[in-house]
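Novice: Numbering (the UniProt record's numbering), first residue to last: 1 to 273. Would you mind keeping the following structure in view while I ask a few things?
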Amino acid sequence: MGVSGNTGPAPFNPALKASVTFETKDANKLAGETLGVDAYGWLHRGAIACALELAQGKPTRKYVDFAMHRVRMLRHFGVTPYLVFDGDFLPSKAMTEGSRAKRRDDSKKLGMELLKAGKNSQAFAEFQKSIDVTPEMARNLIDELKKIHVEYVVAPYEADSQLVYLERQGIIGGILSEDSDLLVFGCKRLLTKLDQYGNCIEINRRDFAACREVSLTGWTDAEFRRMAILSGCDYLAGVSNMGLKTAYRMVRQHKTPERLVRMMQFEAKHRCQ
């Protein structure tokens with residue numbers, strides 16, 4: 001979804017860090033479980049190590065090796081990985097995708113200029129910003145998954161909603177991803193910050209009610225989504241001066257989207273007078 005202000009494993013920002021319990025786990029305690037994996041997230045992480053080769057169009061499979069190492073690690077600990085790949089772009093995110101593509105292109109051009117100037121470390125930093133996980137890269141990983149019979153699926157659009165669907169259907173018992181936006185889609189159990197040794201952090205949705213700074217007790221998934229969308233997301237331009245705390249207060253007070261819009265229109269009208 002691309003929620004504005006999202007900062008790492010805690011949902012959204014420090015205002016809601018108390019909403020979750022961070023429980024450090026290691027993969028061997030997850031033995032016997034099937035976990036959904038954001039495949040493009042792994043590909044992107046793996047591509048960082050070969051950003052220079054990718055920018056120069058040189059052949060490399062380091063990104064595949066990175067992802068397959070993680071697949072084998074999970075299997076070693078008795079965890080069954082189920083990889084979910086992004087599909088097509090969402091038409092509703094065309095503007096966001098266009099601006100991201102431009103930033104990647106600008107970073108690549110700057111990286112090339114820095115490389116020619118002999119500023120290799122600065123060039124590499126720009127090349128990392130220019131990484132774009134392509135369908136070809138996904139296909140290379142899928143080919144390797146097939147060889148060792150790892151389950152995977154290509155989502156119709158983004159992987160996030162497909163992963164949450166698989167969790168709701170009981171096909172997977174949790175989701176491995178660096179993207180805490182999954183909590184907005186309704187993910188119940190997010191495993192994030194997985195390292196090379198199998199350590200990770202678990203964020204469980206059932207702990208949201210324990211939040212001390214803001215009360216989420218009794219909140220539905222729909223209300224949680226409304227708060228996130230109101231505070232800013234990839235699907236539309238954000239409302240000016242609308243941070244997460246303000247969005248929380250307005251959703252709590254007005255509940256429905258219709259009442260929220262009417263109140264914002266009312267407040268905007270009176271500010272202009």
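Virtual Cβ for every residue (Gly too), placed ideally from N, Cα, C.
My understanding is that Phe89 touches Ala31, with C-beta atoms under 8 Å, so please give their C-beta distance in whole angstroms.
Specialist: One-based indexing of the sequence shown puts residue 89 at position 89. One-based indexing of the sequence shown puts residue 31 at position 31. Actually they do not touch by this definition, with Cβ atoms about 37 Å apart.
Novice: Return the first residue and the last residue of the alpha helix (DSSP H) that residue 310 is part of.
Specialist: Since the displayed the chain opens at 1 and closes at 273, residue 310 lies outside it and no answer follows.
Novice: Between the Cα of Thr60 and those of Val251, Asn140, Gly174, Val153, spot the shortest distance and give me the residue it belongs to.
Specialist: What you label residue 60 is simply residue 60 of the sequence shown in a count that begins at 1. Taking only the C-alpha atoms, the option nearest Thr60 is Asn140.
Novice: Counting C-beta neighbours from all protein chains within 10 Å, is the total for Thr256 16 or more, i.e. buried, or is it exposed?
Specialist: As a position in the sequence shown, residue 256 is number 256, starting the count at 1. Flag for Thr256 reads exposed.
Novice: Which of helix, strand or coil does DSSP assign to Tyr63?
Specialist: Translated into the one-based positions of the sequence shown, residue 63 becomes position 63. Of the three classes helix, strand and coil, the one that applies to Tyr63 here is helix, per DSSP.
Novice: Please state whether DSSP places Leu260 in a helix, a strand or coil.
Specialist: Along the sequence shown, read from residue 1 onward, the residue named residue 260 stands at position 260. It is helical.
Novice: I want to know whether the region 166-178 touches the region 100-118 - three or more CB-CB distances under 8 Å.
Specialist: Too few Cβ pairs lie closer than 8 Å, so no.
Novice: Can you pull the DSSP bridge partners for Ile203?
Specialist: As a working mapping, residue 203 is identified with position 203 in the sequence shown. Paired residue(s): Leu190.
Novice: Give the straight-line distance between the Cα atoms of Leu216 and Val251, rounded to the nearest whole angstrom.
Specialist: Reading the sequence shown from its first residue, position 216 is the one you call residue 216. Reading the sequence shown from its first residue, position 251 is the one you call residue 251. Cα-Cα distance, rounded: 11 Å.
Novice: Quick one: give me the first and last residue of the beta strand (DSSP E) that Val84 is part of.
Specialist: Here residue 84 corresponds to residue number 84 of the sequence shown, with the count starting at 1. Run containing Val84: 80-85, per the beta strand (DSSP E) assignment.
Novice: Got a sec? Which residues, its chain only, sit under 6 Å from Glu113 by beta carbon, not counting five neighbours each side?
Specialist: Walking along the sequence shown from the start, residue 113 turns up at place 113. So no residue of the chain qualifies.
Novice: Excluding sequence positions up to five away, which residues of its chain have a Cβ less than 6 Å from the Cβ of Ala159?
Specialist: For the purposes of this step, residue 159 is taken as the residue at position 159 of the sequence shown. Excluding positions up to five away in sequence, the list reads Asp38, Val84, Asp86.
Novice: Measure the C-alpha to C-alpha separation of Lys188 and Ala117 and round it to an integer number of angstroms.
Specialist: Position 188 of the sequence shown, counted from the start, is the residue given in the question as residue 188. Position 117 of the sequence shown, counted from the start, is the residue given in the question as residue 117. Distance between the alpha carbons of Lys188 and Ala117: 49 Å.
Novice: Whole angstroms is fine: what's the gap from Glu136's alpha carbon to Lys62's?
Specialist: Your numbering for residue 136 matches position 136 in the sequence shown. Your numbering for residue 62 matches position 62 in the sequence shown. Between Glu136 and Lys62, the C-alpha separation is close to 14 Å.
Novice: Within 10 angstroms of the Cβ of Asp132, are there 16 or more other Cβ atoms? Answer buried if so, exposed if not.
Specialist: Looking up residue 132 in the sequence shown gives position 132. By the neighbour-count rule (16 or more Cβ atoms within 10 Å), Asp132 is not buried but exposed.
Novice: Among Cys50, Lys193, Tyr197, Leu183, whose alpha-carbon lies nearest the alpha-carbon of Arg206?
Specialist: As a working note, residue 206 is residue 206 in the sequence shown. Cα-wise, what sits closest to Arg206 is Leu183.
Novice: Please identify the residue among Arg259, Pro156, Glu202 whose C-alpha is closest to the C-alpha of Leu230.
Specialist: Translated into positions along the sequence shown, residue 230 becomes position 230. For Leu230, the nearest C-alpha among the options comes from Arg259.
Novice: Arg75 and Trp42: beta carbons closer than 8 Å?
Specialist: Position 75 of the sequence shown holds residue 75. Position 42 of the sequence shown holds residue 42. In this structure, Trp42 does not lie closer than 8 Å to Arg75 by Cβ.
Novice: Apply the 10 Å Cβ neighbour rule to Pro81 and answer buried if 16 or more other Cβ atoms are within range, or exposed otherwise.
Specialist: Start at 1 with the first residue of the sequence shown, and residue 81 comes out as number 81. The residue in question, Pro81, is buried, as its Cβ has 16 or more Cβ neighbours within 10 Å.
Novice: Note the first and the last residue of the continuous beta strand (DSSP E) segment covering Thr34.
Specialist: Within the sequence shown, the letter at position 34 stands for residue 34. Unbroken beta strand (DSSP E) run through Thr34: 34-38.
Novice: Distance, Cα to Cα, Ala67 vs Val261?
Specialist: As a position in the sequence shown, residue 67 is number 67, starting the count at 1. As a position in the sequence shown, residue 261 is number 261, starting the count at 1. Answer to the nearest angstrom: the Cα atoms are 44 Å apart.
Novice: Taking the beta carbon of Asp143 as the centre, do at least 16 other beta carbons fall within 10 Å, making it buried, or is it exposed?
Specialist: Start at 1 with the first residue of the sequence shown, and residue 143 comes out as number 143. By the 10 Å Cβ count, Asp143 comes out exposed.
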